[in-house]
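Visitor:
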Amino acid sequence: MGKRHYIIPIFVPHEGCPHDCVFCNQGKITGENKEIILGPKYKQENKVNSDFVRKTIEEYIETIGEGDRILEVSFFGGTFTAIDINKQRELLAVAKEYKDKKIIDYIRLSTRPDYIDEFILDHLKSYKVDIIELGVQSLDKEVLHKSGRGHGYDEVLKASKLIKEYGFTLGHQIMVGLPEDTFEKDIETTRESIKMKPDICRIYPALTVKNTPMEDMYLEGTYKPYTLEEAVYISAKLYNMYKENNIQVIRIGLQPTDNIALGKDIVDGPFHPAFRELVESSIINENIYNILKDKSGEVTIRISNKSVSKLYADKKRYFNELKDKAQNCNLKVKVDNSMEVDKINIEVESKVYKIDL
1 MGKRHYIIPI
11 FVPHEGCPHD
21 CVFCNQGKIT
31 GENKEIILGP
41 KYKQENKVNS
51 DFVRKTIEEY
61 IETIGEGDRI
71 LEVSFFGGTF
81 TAIDINKQRE
91 LLAVAKEYKD
101 KKIIDYIRLS
111 TRPDYIDEFI
121 LDHLKSYKVD
131 IIELGVQSLD
141 KEVLHKSGRG
151 HGYDEVLKAS
161 KLIKEYGFTL
171 GHQIMVGLPE
181 DTFEKDIETT
191 RESIKMKPDI
201 CRIYPALTVK
211 NTPMEDMYLE
221 GTYKPYTLEE
231 AVYISAKLYN
241 MYKENNIQVI
251 RIGLQPTDNI
261 ALGKDIVDGP
271 FHPAFRELVE
281 SSIINENIYN
291 ILKDKSGEVT
301 IRISNKSVSK
311 LYADKKRYFN
321 ELKDKAQNCN
331 LKVKVDNSME
341 VDKINIEVES
351 KVYKIDL
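Each residue of the sequence shown is one higher than the last, beginning at 1 in the working numbering.
#1: In terms of residue numbering, what span does the alpha helix (DSSP H) encompassing L375 cover?
#2: Given this structure, state the Cα-to-Cα distance separating K210 from F11, to the nearest angstrom.
#3: Within 10 angstroms of the Cβ of V352, are there 16 or more other Cβ atoms? Answer buried if so, exposed if not.
#4: Can you name the start and end residues of the alpha helix (DSSP H) that I163 belongs to?
#5: Starting from K334, trace the alpha helix (DSSP H) both ways and give me its first and last residue.
#6: Tell me whether the beta-carbon of I284 lies closer than 8 Å to the beta-carbon of L228.
#7: Using C-beta distances below 7 Å, list every residue in its chain close to T159, excluding the 5 sequence neighbours before and after it, in chain order.
#8: Work out the CA separation of Y98 and Q192 for me, nearest whole Å.
#9: Do you know offhand how far I203's Cα is from K185's?
#10: Between the alpha carbons of I132 and V335, how many angstroms are there, rounded?
#11: Do the CB positions of V249 and G297 come within less than 8 Å of each other?
#12: What's the C-alpha gap between N287 and F275?
#13: Can you tell me whether S338 is buried or exposed? The criterion is at least 16 other CB atoms within 10 Å of its CB, across all chains shown.
#14: Short check: CB of F119 to CB of L207, under 8 Å?
#15: Can you tell me which residues form a DSSP beta bridge with Q248?
#16: By the DSSP assignment, the beta strand (DSSP E) with Q88 in it spans what residues?
#17: Beta-carbon within less than 7 Å of P273's beta-carbon, same chain only, minus the 5 sequence neighbours each way: which residues are those?
#18: Under a Cβ-count criterion, where at least 16 other Cβ atoms within 10 Å of its own Cβ denotes burial, should H172 be classed as buried or exposed?
#19: Please go through the same chain and pick out, in chain order, the residues whose beta-carbon is closer than 6 Å to the beta-carbon of D181, but skip the five residues on each side of it.
#20: With a 10 Å radius around its C-beta and 16 neighbouring C-beta atoms as the bar for buried, classify T81 as buried or exposed.
#21: Once the 5 residues before and after K332 are set aside, which same chain residues still bring their CB inside 6 Å of it?
#22: Check whether the Cβ atoms of S126 and A93 sit closer than 8 Å, and answer yes or no.
#23: Using only the alpha-carbon positions, how far apart do E220 and I85 sit?
#24: On the criterion of 16 or more Cβ atoms from any shown chain inside 10 Å, does E155 qualify as buried, or is it exposed?
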């Protein structure tokens, strides 16, 4: 059994970001001047400084307790490397202290592609940062322009190359459904991202947040977000592309909080509190259909009880679609706890087909 991996998230306010992207209201996302859940019981109410970082780490350690686990401090929420260098040092020094003492294992941060260079990477190396995630969002020129990103393809390519050369773990964050976006552009962005060889990736559907330029565009009728069905469909495509290239997709969809929900800070868009599960369920049921589309008769789907929720996600939405499409098959699901969590067996016509989750 592998070690449990715990993230200690530190949400850094918008002060570091030099641009105002049309989709972004970091006050909503990071909880500046608001409460935001950092974990099962923590609220961020104070300005982020060294004392706050230390307090957060200590509280997480106390809750997690001793044991065989991996601990990671992650700085999220803003363009970390655009923050004043002294503020960066103040925050990173605390994380480095715990890493030097072998209390935590990894340090992660997120930033913009155009705020990466040799000086910055030397600086991050000196504080033992391990993982750098780039807010790529899109690699399409028109989408980047309409989204107010302020950078282009070349900046992403250069930053990705440098991060890899310096030996950091490289992450790409991709956002689907931005202004002027299409499925074709999302797929092309992913193709180009894969060429840059990130180690990890996050896929987010664009959401229309209150008090953003994108809300104005939405209200004016010049921007239409993806529907939930569209966002699940294209996210599944991108997930498969990354997976086929051995790039781990560590998150799909924005993590819900007290405010990140439809009717609160989300005006419209493909928000779902279990978005990743929808994507995975659509993929699983599509993979089963690809096996069964030319089959008939009795079919047994053998699956672990720990994975059956993925098969049945959203009140069996995708499973029911599978049954409608595979009309020549009589589907029976058998929960088998001897099955590996990441495997499904499809038993049909005296054969067993294996699917990796």
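C-beta: ideal position from N, C-alpha, C; glycine also.
Owing to the predicted nature of the structure, the values given are computational and were not obtained by experimental measurement.
Guide: According to the data block:
#1: In the structure displayed, the chain extends from 1 to 357; residue 375 sits before or after that span and is not available.
#2: In the sequence shown, counting from the first residue as 1, residue 210 sits at position 210. In the sequence shown, counting from the first residue as 1, residue 11 sits at position 11. So the two alpha carbons sit approximately 19 Å from each other.
#3: Position 352 of the sequence shown, counted from the first residue, corresponds to residue 352. Only exposed fits V352, as fewer than 16 other CB atoms lie within 10 angstroms of its CB.
#4: Against the sequence shown, residue 163 aligns to sequence position 163. It spans 153 to 165 - the alpha helix (DSSP H) in which I163 sits, taken as one unbroken run.
#5: Start at 1 with the first residue of the sequence shown, and residue 334 comes out as number 334. K334: not part of any alpha helix (DSSP H); member of the beta strand (DSSP E) spanning 329 to 335, first to last residue.
#6: Working through the sequence shown from its first residue, we reach residue 284 at position 284. Working through the sequence shown from its first residue, we reach residue 228 at position 228. Going by C-beta atoms, I284 is not nearer than 8 Å to L228.
#7: Taking the sequence shown and counting its residues from 1, one reaches residue 159 at position 159. For clarity, residue 159 is Ala in the given sequence; the question names Thr instead. The beta carbon of A159 lies closer than 7 Å to those of P113, I116, L134 in the same chain, with the five residues before and after it left out.
#8: Taking the sequence shown and counting its residues from 1, the one referred to as residue 192 is at position 192. Taking the sequence shown and counting its residues from 1, the one referred to as residue 98 is at position 98. Note on identity: in this sequence residue 192 is Glu, with Gln being the wrong assignment. Between E192 and Y98, the alpha-carbon positions lie close to 37 Å from each other.
#9: Here residue 203 refers to the residue found at position 203 when the sequence shown is read from its first residue. Here residue 185 refers to the residue found at position 185 when the sequence shown is read from its first residue. In this structure, the alpha-carbon of I203 lies about 14 Å from that of K185.
#10: Residue mapping note: residue 132 aligns to position 132 of the sequence shown, counting from 1. Residue mapping note: residue 335 aligns to position 335 of the sequence shown, counting from 1. If I take the Cα positions, the gap works out to 40 Å.
#11: As a first step, residue 249 must be located in the sequence shown, where it is residue number 249. As a first step, residue 297 must be located in the sequence shown, where it is residue number 297. Judged by their CB atoms, V249 and G297 are not nearer to each other than the 8 Å cut-off.
#12: In the sequence shown, the residue the question calls residue 287 occupies position 287. In the sequence shown, the residue the question calls residue 275 occupies position 275. Roughly 19 Å between the two C-alpha positions.
#13: Taking the first residue of the sequence shown as position 1, residue 338 is located at position 338. A residue is called buried when at least 16 other Cβ atoms come within 10 angstroms of its Cβ; S338 does not meet this threshold and is exposed.
#14: Mapped onto the sequence shown, residue 119 falls at position 119. Mapped onto the sequence shown, residue 207 falls at position 207. In this structure, L207 does not lie closer than 8 Å to F119 by Cβ.
#15: Reading the sequence shown from its first residue, position 248 is the one you call residue 248. DSSP lists I200 as the beta-bridge partner residues of Q248.
#16: The sequence position of residue 88 within the sequence shown is 88, counting from 1. Unbroken run through Q88 is the alpha helix (DSSP H), 85 to 100; no beta strand (DSSP E).
#17: As a first step, residue 273 is located in the sequence shown; it is residue number 273 there, counting from the start. Annotation for P273: P256 place their beta carbon closer than 7 Å to its own, counting only its chain and skipping 5 residues before and after.
#18: As a working mapping, residue 172 is identified with position 172 in the sequence shown. With 16 or more other Cβ atoms within 10 Å, it is buried.
#19: Residue 181 sits at position 181 when you count from the first residue of the sequence shown. Excluding its 5 nearest sequence neighbours in each direction, D181 has C-beta neighbours in its own chain below 6 Å: V143, listed in chain order.
#20: Here residue 81 is taken as the residue at index 81 of the sequence shown, counted from 1. Per the 10 Å Cβ criterion, buried.
#21: Taking the sequence shown and counting its residues from 1, one reaches residue 332 at position 332. Taking K332 as the centre and dropping the five residues before and after it, the same chain places the C-beta of T300 closer than 6 Å to its C-beta, in chain order.
#22: Your numbering for residue 126 matches position 126 in the sequence shown. Your numbering for residue 93 matches position 93 in the sequence shown. Not a contact, by the Cβ cut-off of 8 Å.
#23: Within the sequence shown, residue 220 is the residue found at index 220, counting from 1. Within the sequence shown, residue 85 is the residue found at index 85, counting from 1. About 40 Å.
#24: Looking up residue 155 in the sequence shown gives position 155. Buried, since its Cβ has 16 or more Cβ neighbours within 10 Å.
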